[in-house]
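Taking it in order: structure first as structure tokens, then the write-up.
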Amino acid sequence: MVLSVYRDHGVVPKDSRNDNFNRTPDNLSNYQLVQPGDLVVNRMKAWQGSLGISKYQGIVSPDYEVLRPTVPEYDLRFLHSLLRSRPLIDQYALRSTGIRPSQWRLYWDEMKTIEISLPPVEQQCAIADYLDCETARIDMLIEEQQRLIEMLRKRRGAAISSAVARGLDETVVLKDSGLPGAGPVPAHWEVMPLRYTISFQEGPGIMAADFRDEGVPLLRVSCVRAARSTLEGCNYLDPDDVARRWSHFRVDLGDLLISASASMGTVSEVTEETAGAVPYTGIIRIKSGRMHKDFIRWFVVSGEFIDQVDSLKTGSTIQHFGPTHLAQMRVALPPIDEQRQIAAYLDEQTAKIDTLIAEAERFIELSKERRSALITAAVTGQIDVRETA
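Heads up, the numbering used here is the position in the sequence shown plus 4, with the first residue counted as 1.
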């Protein structure tokens, strides 16, 4: 069994998580054996708390450090909590080496110089029992909030898809849309190819050799991850090269940008800061036509849009969509005034839901801080668990 190490969870089976996208190689001959009770350290992320005592037998990447405790008597749960407590994580950061945090590594020669205090094993067991009880309560509250967030996100998505596909009038007369996989649409809406309603263009493929230290900004996918595009993390191109080769790709104020990757969901508007920039390949520029700009924002994150994109990518190994796919799509389009009404309604409704999501996320953040502080206080003797029993 291949194991992995997480900051929030310690050592877990890799296949128990759906957020680990690191591919496991076919050849595992250089992977390290882990036994229950071993300490597994992610050298590159120890300073973030990515380490823990394993409850499992398995194998881990050779990039990890696998250590076996040598103290004669210890409670596995206590040692796990102690080694992941804030004071020790701070020590890992101090002893990690590298030019920048993303390159920091903690090696055993440095880690072994850290001193720890171990109480008698009976006290370790008492502290571990206390933490098991208290952290379970906190974890239950966190899980409740996570379920709430999931429910709110589903409600948000359903509201968007319903409004974009059916409008706001529940009594309206419907007709067959003729769109694959779609239901009926209001009878007064026009069904037409998407290319008749907006214009779209993917950014050019530009080689790294064309990058410059200054000049015309080249927008990367990281620049379009918020509602309004920014120049944060962009590259630059020579103005003469742009004028000669890429001038027709330069974006205008008010254009909309979306990522052409599999991770859809964000639409960015071109601002005064980013107007005139060139979008990199993987970014699609959209100009409004018969479809109002505010309605486009909601259409391209709706289930109807995403389902059509997915159906057009069927059989392809590349999870990238572009103008070729968009040119094949069809859309049920309401009149322009109704588009504005739908967009305004979704602005209002999603803002309410987003506020609730933000509150739940803040609760989770504070709960995790409380959990970390409680563990640190307990394993460092700041709490007498006998008094809390």
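No residue lacks a Cβ here, since even glycine has one placed at the ideal position from N, Cα and C.
Can you grab the Cα-Cα spacing for the pair residue i / residue j, in whole Å?
{"i": "residue 266", "j": "residue 251", "result": "Its pLDDT being 49, under 50, residue 266 is placed unreliably in this model, and the coordinates cannot settle the point."}
{"i": "residue 42", "j": "residue 151", "result": "33 Å"}
{"i": "residue 11", "j": "residue 372", "result": "12 Å"}
{"i": "residue 30", "j": "residue 61", "result": "20 Å"}
{"i": "residue 278", "j": "residue 146", "result": "39 Å"}
{"i": "residue 88", "j": "residue 173", "result": "55 Å"}
{"i": "residue 142", "j": "residue 386", "result": "19 Å"}
{"i": "residue 175", "j": "residue 350", "result": "19 Å"}
{"i": "residue 341", "j": "residue 348", "result": "11 Å"}
{"i": "residue 273", "j": "residue 326", "result": "18 Å"}
{"i": "residue 243", "j": "residue 205", "result": "21 Å"}
{"i": "residue 343", "j": "residue 171", "result": "9 Å"}
{"i": "residue 328", "j": "residue 159", "result": "31 Å"}
{"i": "residue 18", "j": "residue 71", "result": "19 Å"}
{"i": "residue 362", "j": "residue 144", "result": "19 Å"}
{"i": "residue 98", "j": "residue 114", "result": "10 Å"}
{"i": "residue 321", "j": "residue 118", "result": "With a pLDDT of 49 at residue 321, under the threshold of 50, the modelled position of that residue is not reliable, and the figure given next carries that caveat. Rounded to whole angstroms, residue 321 to residue 118 spans 48 Å at the Cα level."}
{"i": "residue 16", "j": "residue 75", "result": "24 Å"}
{"i": "residue 369", "j": "residue 139", "result": "14 Å"}
{"i": "residue 51", "j": "residue 112", "result": "13 Å"}
{"i": "residue 106", "j": "residue 238", "result": "19 Å"}
{"i": "residue 180", "j": "residue 333", "result": "17 Å"}
{"i": "residue 189", "j": "residue 177", "result": "8 Å"}
{"i": "residue 353", "j": "residue 32", "result": "50 Å"}
{"i": "residue 313", "j": "residue 13", "result": "35 Å"}
{"i": "residue 384", "j": "residue 377", "result": "11 Å"}
{"i": "residue 215", "j": "residue 300", "result": "32 Å"}
Please report the Cβ distance between residue i and residue j, rounded to the nearest whole angstrom; I am assuming they are in contact, meaning their Cβ atoms lie under 8 Å.
{"i": "residue 73", "j": "residue 83", "result": "6 Å"}
{"i": "residue 287", "j": "residue 223", "result": "6 Å"}
{"i": "residue 66", "j": "residue 36", "result": "6 Å"}
{"i": "residue 100", "j": "residue 110", "result": "5 Å"}
{"i": "residue 79", "j": "residue 125", "result": "6 Å"}
{"i": "residue 248", "j": "residue 280", "result": "The pair is not a contact, with the Cβ atoms about 16 Å apart (cut-off 8 Å)."}
Would residue i and residue j qualify as a contact pair, given that the criterion is a beta-carbon distance under 8 Å?
{"i": "residue 156", "j": "residue 357", "result": "yes"}
{"i": "residue 201", "j": "residue 293", "result": "yes"}
{"i": "residue 53", "j": "residue 44", "result": "no"}
{"i": "residue 275", "j": "residue 207", "result": "no"}
{"i": "residue 315", "j": "residue 185", "result": "yes"}
{"i": "residue 226", "j": "residue 218", "result": "no"}
{"i": "residue 303", "j": "residue 168", "result": "yes"}
{"i": "residue 338", "j": "residue 346", "result": "yes"}
When the Cα of residue i is compared with those of the options, which residue comes out closest?
{"i": "residue 165", "options": "388, 336, 361", "result": "336"}
{"i": "residue 154", "options": "360, 385, 87, 326", "result": "360"}
{"i": "residue 20", "options": "32, 33, 6", "result": "6"}
{"i": "residue 245", "options": "282, 228, 230", "result": "282"}
{"i": "residue 108", "options": "65, 49, 163, 115", "result": "49"}
{"i": "residue 40", "options": "59, 28, 46, 32", "result": "59"}
{"i": "residue 256", "options": "234, 289, 75, 328", "result": "289"}
{"i": "residue 331", "options": "115, 81, 309, 133", "result": "309"}
{"i": "residue 263", "options": "229, 78, 291, 97", "result": "229"}
{"i": "residue 47", "options": "8, 307, 78", "result": "8"}
{"i": "residue 81", "options": "388, 134, 203, 232", "result": "134"}
{"i": "residue 232", "options": "195, 215, 270", "result": "270"}
{"i": "residue 196", "options": "187, 376, 182", "result": "182"}
{"i": "residue 34", "options": "69, 13, 234", "result": "69"}
{"i": "residue 355", "options": "163, 258, 382, 27", "result": "163"}
{"i": "residue 311", "options": "178, 187, 28", "result": "187"}
{"i": "residue 64", "options": "27, 51, 79", "result": "27"}
{"i": "residue 241", "options": "220, 299, 234", "result": "220"}
{"i": "residue 390", "options": "131, 77, 120, 93", "result": "131"}
{"i": "residue 234", "options": "253, 260, 249", "result": "260"}
{"i": "residue 148", "options": "213, 258, 364, 353", "result": "364"}
Next item on the list: For the region 158-196, list the beta strand (DSSP E) runs that are entirely contained and at least 3 residues long, ordered along the chain.
Entry: Within the region 158-196, no beta strand (DSSP E) run of at least 3 residues lies entirely inside it.
Q.
Quick check for students: name the residue ranges of the beta strand (DSSP E) that lie wholly in the region 53-92, counting only runs of 3 or more.
A. 55-57, 62-64, 68-71, all fully within the region 53-92.
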